[in-house]
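Residue numbers (this note's numbering): 563 to 715. We put the CB at the ideal spot given by N, CA and C, even for glycine.
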Amino acid sequence: MVTLPTIGSAQFLREIPAGEEWKELEVQLPKYPRPENLIATQVSSLTSFTFAVDGTSIVIGQDGVVRFVVVARSPDRAENVSYEGIRCSTRERKLYAVGRADGTWLVLKSPVWVNFQGARVNSYHDSFARQYFCIERTPVLDAAKANELLRKR
């Protein structure tokens, strides 16, 4: 049996029987983001986009995935809304759903995990993992801690 690292809570104590692979939990879509719940974030000087996370959407899953809604705005004010996940232990991301103009979600049929480590352009995933959602390769304690870190920057 393998025990993964913990951070201040038994919430992140997960035992994986030897020979078993990690399993992702079923994903529940959040409510569509409201402007008053968006927290502006710092990403990188390499991108002209601005990013905000819906603080009410952040979920730290028992599977070790941090799920959240992000709103990316271009300099021309075009807006992309998405529901995504970051797997801290493997430095991977997954896009679950994209927002429609009518305020509903379009769920991806077969989303896949994609490595983001070392990505350069528009790499908000790496920035979010390092600054807000992961401590080393373990998720932050809870959504409140993620919100606190988002608001500090």
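Residue i, buried or exposed, once every other Cβ within 10 Å from all chains shown has been counted against 16
{"i": "residue 646", "result": "buried"}
{"i": "residue 712", "result": "buried"}
{"i": "residue 572", "result": "Below a pLDDT of 50, predicted positions are generally treated as unreliable, and residue 572, at 34, falls in that range; no measurement from the model is reported."}
{"i": "residue 701", "result": "buried"}
{"i": "residue 706", "result": "exposed"}
{"i": "residue 691", "result": "buried"}
{"i": "residue 708", "result": "buried"}
{"i": "residue 661", "result": "buried"}
{"i": "residue 607", "result": "exposed"}
{"i": "residue 676", "result": "exposed"}
{"i": "residue 659", "result": "buried"}
{"i": "residue 649", "result": "buried"}
{"i": "residue 629", "result": "buried"}
Which of helix, strand or coil DSSP assigns to residue i
{"i": "residue 671", "result": "coil"}
{"i": "residue 710", "result": "helix"}
{"i": "residue 662", "result": "coil"}
{"i": "residue 692", "result": "helix"}
Closest by C-alpha distance to residue i, when choosing among the options
{"i": "residue 654", "options": "631, 613, 627, 636", "result": "627"}
{"i": "residue 610", "options": "670, 630, 596, 635", "result": "635"}
{"i": "residue 685", "options": "658, 708, 603", "result": "603"}
{"i": "residue 694", "options": "668, 593, 615", "result": "615"}
{"i": "residue 600", "options": "678, 656, 613, 701", "result": "613"}
{"i": "residue 657", "options": "650, 671, 665, 651", "result": "671"}
{"i": "residue 710", "options": "648, 589, 673, 618", "result": "618"}
{"i": "residue 584", "options": "624, 708, 639, 673", "result": "624"}
{"i": "residue 633", "options": "699, 587, 596, 621", "result": "596"}
{"i": "residue 663", "options": "622, 643, 675, 598", "result": "643"}
{"i": "residue 507", "options": "640, 704, 696", "result": "Missing from the structure shown is residue 507; the chain here goes from 563 to 715 and no further."}
{"i": "residue 651", "options": "678, 715, 620", "result": "678"}
Beta carbon proximity, residue i to chain C, threshold 8 Å
{"i": "residue 603", "result": "Looking for chain C here will not work: only one protein chain is present."}
What beta strand (DSSP E) runs, 3 residues minimum, are completely inside the stretch 569-641?
600-603, 612-616, 627-635
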